[in-house]
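Everything on this sheet refers to the single structure shown next.
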Amino acid sequence: MNLILDQFLILAAFLFCIGLYGVLTRRNAIGVLMSIELMFNAVNINLVAFSKYLAPLNLAGQVFAFFIIAVAAAEAAVGLAIILSIYRNFKNINVDDINLMKW
Amino acid sequence: MDSLSQQITFYALAFFIIVPAVMVTRLRNIFYAGLCLIVCFMGVAGIYLLLNAEFLAAVQVLIYSGAISILILFAIMMTHHLYSKSIVVSNEQKYAALVLVVLLVSMIMVILSVTTWNISTEKQPSNVLQMVGSLLMKDYVLPFEVVSVLLLVSLVGAVIIARKEEK
Chain A
1 MNLILDQFLI LAAFLFCIGL YGVLTRRNAI GVLMSIELMF NAVNINLVAF
51 SKYLAPLNLA GQVFAFFIIA VAAAEAAVGL AIILSIYRNF KNINVDDINL
101 MKW
Chain B
1001 MDSLSQQITF YALAFFIIVP AVMVTRLRNI FYAGLCLIVC FMGVAGIYLL
1051 LNAEFLAAVQ VLIYSGAISI LILFAIMMTH HLYSKSIVVS NEQKYAALVL
1101 VVLLVSMIMV ILSVTTWNIS TEKQPSNVLQ MVGSLLMKDY VLPFEVVSVL
1151 LLVSLVGAVI IARKEEK
């Protein structure tokens, strides 16, 4: 039995939902950022799997995965810089406690 | 690779993705969670190898397991006194989030079970890397250049945000 598309999609769905759970429940801001990276990875698995199984001659899925990795790197750099700046000002990076801009 | 060893490889990789991913969201010590994240990224690189995306697997190892993980671990070490035995990992939305996530997974499963994919019968060409390179330089050259500008902007922005303000 060869590998089929649905296996990769189910794996990506589980990974995405674990990342979503982490984003919703983690209190540490760096933990939230790590969970977002998990969600990016799930999306990339989906793109590459669709590219291989549905359009093997058109590799646009892989190209978009590259772009997502580049954007994720930019996001991680800026996000961690913001977290360090928050830490310097509040001595705390719990997302529950940082409510300065919340109405 | 024959189909049986492909299946075994897939399930082993899935194990090494899902279990560290759960640990990333649940571990009390955020530094160990960061190390689990590296294992998870390596597993995803293995999945790319199974999908004949060798260059993407190399990029995944270099950028995710290398660069982004190190960035995250450094940020954890700069805020390191924040984890201790008594710290609460999750907020009070824990159960609501669990219900939401289980609903989302089951919805995706239902959608997958009723969808019939138009699976292509063509074989993937052997020169995948060459084709990706020509796509990046021909069809997608504008997004390619925009991404390079984005990386430059985020580099400068990260330096400006993270540096100490002068009194």
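Taken in sequence, the protein lines are chains A and B.
Per our numbering, residue 1 is the first one in the first sequence, and the count goes up by one each step.
Per our numbering, residue 1001 is the first one in the second sequence, and the count goes up by one each step.
The beta-carbon is built from N, C-alpha and C at its ideal position, and this holds for glycine as well.
From a predicted model like this one, the values you see are computed outputs, not experimental measurements.
>> On the DSSP letters alone, give me the boundaries of the alpha helix (DSSP H) that I93(A) sits inside.
In response: Locating residue 93(A) in the first sequence gives position 93, where the first residue counts as 1. It is not in any alpha helix (DSSP H) - I93(A) carries neither H nor E in the DSSP assignment.
> Which term fits K1123(B), buried or exposed, when burial requires 16 or more other beta carbons within 10 angstroms of its beta carbon?
Replying inline: Taking the second sequence and counting its residues from 1, one reaches residue 1123(B) at position 123. Burial call: exposed.
> Within 10 angstroms of its Cβ, does P1125(B) collect 16 or more other Cβ (buried), or is it exposed?
Replying inline: By one-based count along the second sequence, residue 1125(B) stands at place 125. The residue in question, P1125(B), is exposed, as its Cβ has fewer than 16 Cβ neighbours within 10 Å.
> According to the neighbour-count rule (16 or more other Cβ atoms, all chains shown, within 10 Å of its Cβ), is A1014(B) buried or exposed?
Replying inline: Position 14 of the second sequence holds residue 1014(B). Under this definition A1014(B) is a buried residue.
> Can you tell me whether T1115(B) is buried or exposed, with buried defined as 16 or more other CB within 10 angstroms of its CB?
Replying inline: The residue labelled residue 1115(B) in the question sits at position 115 within the second sequence. Exposed, since its Cβ has fewer than 16 Cβ neighbours within 10 Å.
> What first and last residue would you give for the alpha helix (DSSP H) that runs through K1094(B)?
Replying inline: Walking along the second sequence from the start, residue 1094(B) turns up at place 94. It spans 1094–1114 - the alpha helix (DSSP H) in which K1094(B) sits, taken as one unbroken run.
> If we count the other Cβ atoms within 10 Å of its Cβ and call it buried at 16 or more, is K978(B) buried or exposed?
Replying inline: Outside the displayed range of chain B (1001 to 1167) lies residue 978(B), so it cannot be described from this structure.
> DSSP state of N28(A), grouped into three classes?
Replying inline: The residue you call residue 28(A) lines up with position 28 of the first sequence. It is a strand residue.
> Can you find a CB in chain A that lies within less than 8 Å of the CB of C1032(B)?
Replying inline: Counted from its first residue, the second sequence places residue 1032(B) at position 32. The question names Cys, but residue 1032(B) is Tyr in the sequence shown. Closer than 8 Å: no.
> Cα separation between L1100(B) and M1131(B)?
Replying inline: The count along the second sequence starts at 1 and reaches residue 1100(B) at position 100. The count along the second sequence starts at 1 and reaches residue 1131(B) at position 131. Each residue's alpha carbon lies about 40 Å from the other.
> Can you tell me the Cα-Cα spacing of N99(A) and A1045(B), whole angstroms?
Replying inline: Position 99 of the first sequence, counted from the start, is the residue given in the question as residue 99(A). Position 45 of the second sequence, counted from the start, is the residue given in the question as residue 1045(B). Going from the Cα of N99(A) to the Cα of A1045(B) covers about 37 Å.
> If Q62(A) sits next to V48(A), beta carbons under 8 Å apart, how far is it from one beta carbon to the other, in whole angstroms?
Replying inline: Numbered from its first residue, the first sequence carries residue 62(A) at position 62. Numbered from its first residue, the first sequence carries residue 48(A) at position 48. About 6 Å separates the two Cβ atoms, so the contact holds.
> Expressed to the nearest angstrom, what Euclidean distance is found between the alpha-carbon atoms of N1127(B) and L1135(B)?
Replying inline: As a position in the second sequence, residue 1127(B) is number 127, starting the count at 1. As a position in the second sequence, residue 1135(B) is number 135, starting the count at 1. When rounded, the distance between both Cα atoms is 12 Å.
> From the beta carbon of N41(A), is the nearest beta carbon of chain B less than 8 Å away?
Replying inline: Here the question's residue 41(A) lines up with position 41 in the first sequence. So, interface residue.
> Alpha carbon to alpha carbon, how far is A42(A) from S35(A)?
Replying inline: Looking up residue 42(A) in the first sequence gives position 42. Looking up residue 35(A) in the first sequence gives position 35. Rounded to the nearest angstrom, the two C-alpha atoms are 11 Å apart.
> Name the chain B residues whose beta carbon is nearer than 8 Å to that of M34(A)?
Replying inline: Position 34 of the first sequence, counting from 1, holds the residue named residue 34(A). By Cβ distance, chain B contributes V1024, A1033, G1034, L1037, I1072.
> Is any beta-carbon of chain B found at less than 8 Å from that of L57(A)?
Replying inline: As a working note, residue 57(A) is residue 57 in the first sequence. So, interface residue.
> Taking Cβ positions only, does D97(A) come closer than 8 Å to chain B?
Replying inline: In the first sequence, residue 97(A) corresponds to position 97, counting from 1. It does not; no Cβ of chain B falls within 8 Å.
> Under the rule that 16 or more other beta-carbon atoms within 10 Å means buried, what is A1158(B), buried or exposed?
Replying inline: As a working mapping, residue 1158(B) is identified with position 158 in the second sequence. Buried.
> Which residue comes first and which comes last in the alpha helix (DSSP H) that contains P1020(B)?
Replying inline: What you label residue 1020(B) is simply residue 20 of the second sequence in a count that begins at 1. Residues 1003–1026.
>> Using 8 Å for Cβ pairs, my map puts S1069(B) next to I1030(B). What's the rounded Cβ distance?
In response: For the purposes of this step, residue 1069(B) is taken as residue 69 along the second sequence, with counting starting at 1. For the purposes of this step, residue 1030(B) is taken as residue 30 along the second sequence, with counting starting at 1. Their Cβ separation, rounded to whole angstroms, is 13 Å, which puts S1069(B) and I1030(B) out of contact at 8 Å.
> Nearest to D6(A) by alpha carbon, out of L1112(B), L1098(B), V1059(B)?
Replying inline: Walking along the first sequence from the start, residue 6(A) turns up at place 6. It is L1112(B).
> In chain B, what lies closer than 8 Å to N2(A) by C-beta?
Replying inline: Here residue 2(A) is taken as the residue at index 2 of the first sequence, counted from 1. Under the 8 Å cutoff, chain B gives S1003, Q1006.
>> Using beta carbons (cut-off 8 Å, strictly below), is F90(A) in contact with chain B?
In response: The residue you call residue 90(A) lines up with position 90 of the first sequence. No, F90(A) lies away from the interface with chain B (no Cβ there is under 8 Å from its Cβ).
> When the distance is taken between beta carbons, is N2(A) closer than 8 Å to S1003(B)?
Replying inline: As a first step, residue 1003(B) must be located in the second sequence, where it is residue number 3. As a first step, residue 2(A) must be located in the first sequence, where it is residue number 2. Yes, the pair counts as a contact, with Cβ atoms nearer than the cut-off.
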